[in-house]
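Inspection log for the structure reproduced underneath, given as structure tokens.
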Amino acid sequence: MYVGDILRTNSAHVVTIGSSETVNIAANLMYASNVGALVVRNTSRSVDAAVVGMFSERDVVAVIAERGTGGLAAKVAQFISPRPLVSCNSQDALTDVERLMVRHDIRHIPVIDNGRLVGVVSMRDIGFALEEAACAA
């Protein structure tokens, strides 16, 4: 099974945020969109803006734990990992992406084909797909 198989069966609902927006906006956007992570684009949500990272529910909790509710006014960019973006493409095998996510301790990964964001896959998506494939075999 491949990442593209998940994207075809799941709605490709990708929610993005600009790196200059606040943690408060990010938390509200995650809540309103019913997602656990946002794809962070450089400065704006424009589809042409580069993907620079992910911002998750765990990040919101970390900000509040470290800075209290005052941290909600901080910019998302302050909490994006300085390491290179961890991503995959739709042709990657699910087992390879699962290992990548475990190695980097991440639960959501952007799917980028030919420089274009085409979706997000979660560890949960991969687990369900692999379990379903095992049951069907």
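Read in order, the letters of the sequence shown correspond to residues 37 to 173 in my numbering.
Cβ coordinates follow ideal geometry from the N, Cα and C atoms, glycine included.
Owing to the predicted nature of the structure, the values given are computational and were not obtained by experimental measurement.
Nearest-angstrom Cα separation, counted from I162 out to C171: 14 Å
Option in N78, F115, M90, V99 with minimal Cα separation from M137: M90
Distance, T45 Cα to R135 Cα: 22 Å
Entirely enclosed beta strand (DSSP E) segments - the segment 42–129, minimum 3 residues: 52–54, 73–77, 87–92
Spatial neighbours of A110 in its chain, beta-carbon cut-off 6 Å, leaving aside the 5 residues before and after: The residues are V59.
Residue of S92, A86, S56, D84 minimising C-alpha distance to S69: S92
I162 - containing alpha helix (DSSP H), residue span: 159–172
G107: CB within 8 Å of a non-hydrogen atom of the ligand FMN: With respect to the ligand FMN, the structure shown offers nothing to examine, as it has no ligands at all.
Beta carbon of V87 nearer than 9 Å to that of V51: Not a contact, by the Cβ cut-off of 9 Å.
Beta-ladder partner(s) of R147, from DSSP: Reading off the sequence shown, one finds Val at residue 147, where the question assumed Arg. DSSP lists C124, G155 as partners of V147.
Residues near Y38 by beta carbon distance below 8 Å, same chain, minus five either side: S126, Q127, D128, A129, L130
Within 9 Å, strictly: CB atoms of H144 and A85: no
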